[in-house]
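In our numbering, the protein residues as written are 711 to 960.
A short write-up of the structure that comes next.
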């Protein structure tokens, strides 16, 4: 296990001990996902502990001694449908990544990381773009943005989440091939990819409810529209702040 972690983190295996903080050597969620892909490829297991463990000792115990449930590759736990909890109107998820943080690959179809993290449709779409790696980085950000907006999807298998595009190129998100309600925006520069997802709770109108005139917005509709607009501006501001922080760190 130490060899796998050292390979993903690109450090000497002798530098890793039971007290080594994983955040220091793996970075954020992208580093954890790379470790997840490597563990699945080498050991054939996947565990939420890969994303939750704080030290190498925690991870080793979870995977080696059964302190955390390990799932065979391909198994998916039953998860709630992708809707917001009752009472919540909107939720915003945003993610920014350096494109160079994604591993370089000569063949995206065969690379372990890309096969474990992206669907075949996503890889095919990226290969049609001028910058496939940037496209995949934006797709990755979209998946992470969804997981941030819907906390109960935090540990769902990455390939169950898929970014799709309509004939006009507008992106949206699917979970298990079912559209996730909300608005998705993707963008990237030469160095940075970003995605913002605004999820809105679905409401089922009562059969006996009176339908208002299409030309008149109800108070509830106005409140919802205002909330969505506010969330959109918040996502934009967070995106700008995240990009500024990334540039300042260079």
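For glycine and all other residues, C-beta sits at the position ideal for the given N, C-alpha and C.
Where DSSP assigns a beta bridge to residue i, which residues make up the other side?
i           : result
residue 894 : 907
residue 842 : Its beta-bridge partners do not exist; DSSP assigns none.
residue 875 : 881
residue 765 : 731
residue 902 : 808
residue 887 : DSSP lists no partner for residue 887.
Can you give me the start and stop residues for the beta strand (DSSP E) that residue i sits inside?
i           : result
residue 805 : 800 to 808
Following the continuous alpha helix (DSSP H) through residue i, name the residue where it begins and the one where it ends.
i           : result
residue 760 : 759 to 762
residue 823 : 822 to 827
residue 816 : No alpha helix (DSSP H) holds residue 816; DSSP gives it neither H nor E.
residue 833 : 830 to 837
Classify residue i as helix, strand or coil using the three-state DSSP reduction.
i           : result
residue 652 : Residue 652 lies beyond the range of the chain shown here (711 to 960); nothing can be said about it.
residue 716 : helix
residue 721 : coil
residue 851 : helix
residue 775 : Low confidence applies here, because residue 775 scores a pLDDT of 47, under 50, leaving its location unreliable and the question unanswered by this model.
residue 737 : coil
Since residue i and residue j should fall inside the 8 Å C-beta cutoff, what is the C-beta to C-beta distance between them, to a whole number of angstroms?
i           : j           : result
residue 770 : residue 711 : 6 Å
residue 896 : residue 852 : 6 Å
residue 760 : residue 745 : 6 Å
residue 848 : residue 903 : 4 Å
residue 803 : residue 837 : Wrong, their Cβ atoms sit about 26 Å apart, outside the cutoff.
residue 805 : residue 854 : 4 Å
residue 964 : residue 714 : The structure shown does not extend to residue 964, since the chain spans only 711 to 960, so no value can be given for it.
residue 807 : residue 850 : 6 Å
residue 813 : residue 764 : Going by Cβ atoms, the distance from residue 813 to residue 764 rounds to 24 Å, so no, they are not a contact pair.
Verify the CB distance criterion: does residue i have a CB-CB separation below 7 Å to chain B?
i           : result
residue 857 : Among the protein chains of the structure shown there is no chain B, as only one such chain exists.
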